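Order-wise, the sequence lines are chains A and B.
Residue numbering for the first sequence follows my numbering, starting at 1 and increasing by one per position.
Residue numbering for the second sequence follows my numbering, starting at 108 and increasing by one per position.
Note that the Cβ used here is the ideal one computed from N, Cα and C, for glycine as well.
Note that the structure is a prediction, hence the values are computed from the model and not measured.
Written below as structure tokens is the structure these notes are about.
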Amino acid sequence: DIQMTQSPSTLSASVGDRVTITCRASQSISTWLAWYQQKPGKAPNLLIYKASNLQSGVSSRFSGSGSGTEFTLTISSLQPDDFATYYCQQYNSYSWTFGQGTKVEIK
Amino acid sequence: EVQLVETGGGLIQPGGSLRLSCAPSGFIVSNNYMSWVRQAPGKGLDWVSIIYSGGSTYYADSAKGRFTISRDNSKNTLYLQMNSLRADDTAVYYCVRAHSNDYIMDWGQGTLVTVSS
């Protein structure tokens with residue numbers, strides 16, 4: 001099975017900061033990677049698919065990059081609504097795997 | 108508007124069985140890739156099972172032999188039959204619609220399954 005490792009697990013940042021979250025796959029997944037945002041008590045929401053494609057309706061301050069085994073999610077200027085937990089997901093194989101999550105907290 | 112509504116969660120004793128249902132509106136279950144994803148309290152997301160539009164099914168190792176994903180086309184409903192439940196199956200179970208076998212486009216609100224004596 002493909003393992004996904006996110007870092008950091010927790011990130012403390014201020015409004016306006018540029019934030020980067022990393023996701024590493026245990027083997028190459030090409031660009032078959034998605035990013036989700038989850039707020040407490042809510043279902044996750046798709047931000048990025050196929051590593052770098054912004055989902056319709058999602059703010060352009062979110063961007064994704066990477067291929068193979070290393071991927072990043074960047075928030076260009078952190079806004080109050082962005083404090084949440086972020087997950088990566090690989091869909092290279094018939095079985096999906098999620099990263100363990102990165103909680104973005106207010107500094 | 109797309110909506111997915113899960114039902115069937117609750118408190119069940121270890122070793123017991125439970126069937127979750129997901130009745131979406133706005134699309135046809137059998138034309139889509141449908142999956143179940145769970146989240147234990149305070150933990151991350153954990154993929155459980157998927158059923159392709161063509162009918163093929165796949166399971167996480169933790170679900171193989173115990174859980175069965177299925178659909179009733181006449182009722183436009185997705186199911187997850189869960190048998191031999193264990194304490195570590197305690198989680199919110201989300202019904203999701205995927206873009207092919209890719210990323211998740213739509214999520215239900217989730218239904219809580221608690222396995223405890």
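With burial defined as no fewer than 16 other Cβ atoms inside 10 Å of the residue's Cβ, what is the status of residue 38/A: buried or exposed?
Sequence index remark: in the first sequence, residue 38/A carries index 38 (1-based). Buried is the call here.
I need the straight-line Cα distance from residue 107/A to residue 65/A, nearest angstrom please.
Mapped onto the first sequence, residue 107/A falls at position 107. Mapped onto the first sequence, residue 65/A falls at position 65. Roughly 25 Å separates the two Cα atoms.
Please state whether DSSP places residue 56/A in a helix, a strand or coil.
The sequence position of residue 56/A within the first sequence is 56, counting from 1. Of the three classes helix, strand and coil, the one that applies to residue 56/A here is coil, per DSSP.
Would you list the residues sitting across from residue 25/A in a DSSP beta bridge?
On the first sequence, residue 25/A is found 25 positions in, with the first residue counted as 1. Its beta-bridge partners are 4/A.
Cross-chain neighbours of residue 95/A in chain D, by beta carbon under 7 Å
This model lacks chain D altogether, as its protein chains are A and B.
Does the beta-carbon of residue 179/B have 16 or more other beta-carbons within 10 angstroms, so that it is buried, or is it exposed?
Position 72 of the second sequence, counted from the start, is the residue given in the question as residue 179/B. Per the 10 Å Cβ criterion, exposed.
Could you check which residue in 99/A, 53/A, 79/A and 93/A has the C-alpha nearest to that of residue 14/A?
By one-based count along the first sequence, residue 14/A stands at place 14. Selected option, being the one with the closest Cα: 79/A.
Measure the CB-CB distance between residue 10/A and residue 74/A and report whether it falls below 8 Å.
Indexing the first sequence from 1 puts residue 10/A at position 10. Indexing the first sequence from 1 puts residue 74/A at position 74. Not in contact: residue 10/A and residue 74/A (Cβ atoms no closer than 8 Å).
Report the option in 34/A, 96/A and 25/A whose CA atom is closest to the CA atom of residue 62/A.
In the first sequence, counting from the first residue as 1, residue 62/A sits at position 62. Considering only alpha carbons, the answer is 34/A.
Counting beta carbon pairs with one atom in the segment 203-217 of chain B and one in the segment 126-143 of chain B, are three or more of them shorter than 8 Å?
yes
Selection from 105/A, 16/A, 8/A and 28/A that minimises the alpha carbon distance to residue 69/A:
Taking the first sequence and counting its residues from 1, one reaches residue 69/A at position 69. Among 105/A, 16/A, 8/A and 28/A, the Cα nearest to that of residue 69/A belongs to 28/A.
Considering only heavy atoms of the ligand NAP, does any lie closer than 7 Å to the CB of residue 70/A?
Ligands in the displayed structure: none, and consequently the ligand NAP is not present.
Unbroken stretches of the beta strand (DSSP E), 3 residues or longer, contained in the segment 108-154 of chain B:
110-114, 117-119, 125-132 and 140-146
Return the Cβ separation of residue 110/B and residue 131/B in integer angstroms, given the expectation that the two are a contact with Cβ distance under 8 Å.
Numbered from 1 along the second sequence, position 3 holds the residue referred to as residue 110/B. Numbered from 1 along the second sequence, position 24 holds the residue referred to as residue 131/B. Going by Cβ atoms, the distance from residue 110/B to residue 131/B rounds to 7 Å, so yes, they are a contact pair.
Span of the beta strand (DSSP E) holding residue 64/A?
Along the first sequence, one-based indexing puts residue 64/A at 64. Residues 62-67.
Would you identify the three-state DSSP class for residue 194/B, choosing helix, strand or coil?
Residue 194/B sits at position 87 when you count from the first residue of the second sequence. Residue 194/B: helix per DSSP, three-state reduction.
What residues of chain B sit near residue 86/A, judged by a beta carbon separation below 9 Å?
Start at 1 with the first residue of the first sequence, and residue 86/A comes out as number 86. Those within 9 Å of residue 86/A in chain B number zero; the least Cβ separation is about 11 Å.
Taking the alpha-carbon positions, what's the residue 24/A to residue 116/B distance?
Your numbering for residue 24/A matches position 24 in the first sequence. Your numbering for residue 116/B matches position 9 in the second sequence. Distance between the alpha carbons of residue 24/A and residue 116/B is about 34 Å.
Using a Cβ cut-off of 8 Å, pull out every chain A residue sitting near residue 212/B, in sequence order please.
As a position in the second sequence, residue 212/B is number 105, starting the count at 1. Result: 46.
If you follow the beta strand (DSSP E) that residue 37/A is part of, which residue opens it and which one closes it?
Residue mapping note: residue 37/A aligns to position 37 of the first sequence, counting from 1. Residue range 33-38 is occupied by the beta strand (DSSP E) that includes residue 37/A.
What are the start and end residues of the beta strand (DSSP E) that includes residue 71/A?
Counting from one through the first sequence, the residue named residue 71/A turns up at place 71. Counting along the chain, the beta strand (DSSP E) containing residue 71/A begins and ends at 70-75.
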